[in-house]
Each structure stands twice: as structure tokens, then as C-alpha cells.
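*Asks:* Note that this note's numbering has the sequence shown beginning at 14, numbered continuously upward.
Note that CB positions come from ideal geometry on N, CA and C, so glycine has one too.
Quick one: structure below, then a few questions.
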Amino acid sequence: MRATFWWTYGGTVLGAVLAILGRGEFLKNFVLFLEFLLYFLTPWSAINLIDFYAVRRERYDLAAIYDADGIYGRWGIPALMAYAAGVLVQIPFANVPGVFTGFLAPLLGGADIAWLLGLAVPAGLYLVFSRRQATRTGVSSVQRT
């Protein structure tokens, strides 16, 4: 059988087991899952929005996206660096009661502003990194405002 089937099957079984084990506190676990998504998807969303609107100005070569050796390459190092910074900058400000509280969250009265930093920091860094890379490599897809 194909590996895709086994990964899907394994994920389904794991999800079912976790659902059964956590059924007594479903809402609490669901909120925790949503907070986990918030911390990891917010920087990713910021980078995608900046790339689409500010860097590439809504112009993508769709065929090249699927070409690992094409203009977009295999790895977007500027995006990965901005993403890592976006996740890391949230840690001191995160406040997930009963799970984790960053060391700066209590100074803010328990307010969780991590997601705001998770938007702003990677967006700014990716814009700077991608423009710097375009200047260095001469890629025309990055335009100055």
C-alpha cells in the first residue's frame, strides 16, 4: 500500500484515540488546540500576506510554484528565518492558563499579546529579508514601494 494511505490511517487512529481520551474535557482541549494553532499559524499568515501583497504584488507564476528548481526554489530561507523569529518572539508574551505563561505576560496583567507580535515581527522581517535578497540576487519579483 502507498505511504500516503498509512500516514492518513495513522493520523486518523491517533486523532480518534486522542478524542476518546480527551472527551471529558473536550472544550478545554479544543481551546488549547486553537491557541496552539494561533501561535504557529499567525507568523505563517503574516509572511504569506506580506509575500502576496507587498513583495510579489499579487503576481505569482503558478507553474513555477511546483518546480523545486524554479524561481521560488525549494526553501524560502528569508521566510523560514522570519517564521522562526515570529514563533520565538511570542514565547515571553504567551499566556495559556494552566499550560504556559511567558515571563512578560504577568507584567501585562495576564494579557496575551503574543499573537500581535506574531503578526508584526515576521511581517517586518520577511519584508526586509526578501528585499535584501532581491537586491543581492537581482530577482525582479520583489518591488520597492
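#1: If I follow the unbroken alpha helix (DSSP H) through Ala159, where does it start and stop?
#2: Put Val112 into one of helix, strand or coil per three-state DSSP.
#3: Between Tyr79 and Trp88, what straight-line distance do the alpha-carbon atoms span, to the nearest angstrom?
#4: Does Arg157 come out as helix, strand or coil in the three-state DSSP assignment?
#5: Can you tell me whether Tyr22 is buried or exposed, with buried defined as 16 or more other CB within 10 angstroms of its CB?
#6: Could you round the C-beta distance between Tyr96 and Pro56 to whole angstroms and report it? I think they count as a contact, below 8 angstroms.
#7: Taking only three categories from DSSP, how would you classify Glu71?
*Replies:* Judging by the given coordinates:
#1: Lying before the first or after the last residue shown, residue 159 is absent from the chain, which here runs from 14 to 158.
#2: coil
#3: 12 angstroms
#4: Any reading at Arg157 must be qualified, since the residue scores a pLDDT of 46, below 50, and its modelled position is unreliable; the value itself is stated next. Reduced to three states, the DSSP call for Arg157 is coil.
#5: exposed
#6: 5 angstroms
#7: coil
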